[in-house]
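Before any comments, here is the structure.
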Amino acid sequence: MAPHDQPQVAVVAFGQSDHLRTTDELSEVEMLMPVLHEVLAATGLKTSDIGFTCSGSSDYLAGRAFSFTMALDGVGAWPPISESHVETDGAWALYEAWVKLRTGEADTALVYSYGKSSPGSVRDVLTRQLDPYYVAPLWPDSVALAALQAQALIDAGETDEPALAAVASRSRTAAATNP
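Here the sequence shown is numbered in my numbering, starting from 16 and rising by one per residue.
See the structure below:
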């Protein structure tokens, strides 16, 4: 199929939950259902109208394998649906859906992503992703690694402390206005 023959793709609705520091009291389904219902209501579509559903989440961060399958209860996987999951984030899920739409394998897609971390300390959980021989035994958490990265940029002459402080300030301000 030539590029000019491929179907055009557009985002027609978007939903987002409030970002919370902890969601211990909510399951994945309870996190997703209100947002998914909001999006379906905005489009006028029913679950049965969706040609392809793709999700993105981190089972590693959640601390259990195949945790994304629980989230499918929020989508409504019956009758059976065409579904996929990417172990990463929503951008990859959106890309997979975009490919399905552009190739004509689906005419509509529902893409969602979510994050729910392990009940353990996130800093400890993320440390276990590091190189097991050299870095992980040192137990550097995400804050320590960010500091090392920042210092490496400063040492390389790529930035300075005021520039990094400005980025942090802009990011925190933007986060405060994002639900």
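All C-beta atoms, glycine included, are put in the ideal place defined by N, C-alpha and C. Note that the coordinates shown come from a computational prediction; the quantities given were computed from them, not determined experimentally.
Q: To the nearest angstrom, report how far apart residue 37 and residue 143 are at their CA atoms.
A: 21 Å
Q) Does the Cβ-Cβ distance between residue 83 and residue 115 come in under 7 Å? A) no
Q: Less than 8 Å between the CB atoms is what I'm expecting for residue 128 and residue 72, so what's the real figure, rounded?
A: Cβ-Cβ separation between residue 128 and residue 72: approximately 6 Å, consistent with a contact (criterion under 8 Å).
(Q) In chain order, what are the residue ranges of uninterrupted alpha helix (DSSP H) at least 4 long that sit wholly in the region 34-110? (A) Runs of the alpha helix (DSSP H) spanning 4 or more residues and lying entirely within the region 34-110 occur at 43-58, 74-77 and 83-90, in chain order.
**Q.** Neighbourhood of residue 53 by C-beta, 7 Å cutoff - its chain only, sequence neighbours within 5 removed
**A.** The answer, listed in chain order, is 30.
Q. Can you check whether the CB of residue 58 is closer than 7 Å to the CB of residue 27?
A. yes
Q | residue 126 at chain B interface by Cβ criterion, 7 Å | A | Of the protein chains in the structure, only one exists, and it is not chain B.
**Q.** DSSP bridge partner residues for residue 127 (one or two, in chain order)
**A.** 70
(Q) Only counting the same chain, and skipping five residues up and downstream in sequence, which positions put a Cβ closer than 7 Å to that of residue 131? (A) 38, 43, 46 and 77
Q | Outcome for residue 101 when other beta-carbon atoms lying within 10 angstroms are tallied against a minimum of 16 | A | With 16 or more Cβ atoms within 10 Å of its Cβ, residue 101 is classed as buried.
Q) What's the call for residue 90, buried or exposed, on a 16-neighbour Cβ count within 10 Å? A) Classification for residue 90: buried.
Q. For residue 161, which of 179, 148 and 147 has the nearest alpha-carbon?
A. Ranking 179, 148 and 147 by Cα distance to residue 161 puts 179 first.
(Q) Rounded to the nearest angstrom, what separates residue 19 and residue 113 at their Cα positions? (A) 15 Å
(Q) Classify residue 108: buried if its beta carbon has 16 or more other beta carbons within 10 angstroms, exposed otherwise. (A) buried
Q: Specify, as a first and last residue, the run of the alpha helix (DSSP H) that residue 160 falls within.
A: 157-170
Q) What are the boundary residues of the alpha helix (DSSP H) that residue 176 is part of? A) 176-192
**Q.** residue 150 - DSSP class collapsed to helix/strand/coil
**A.** coil
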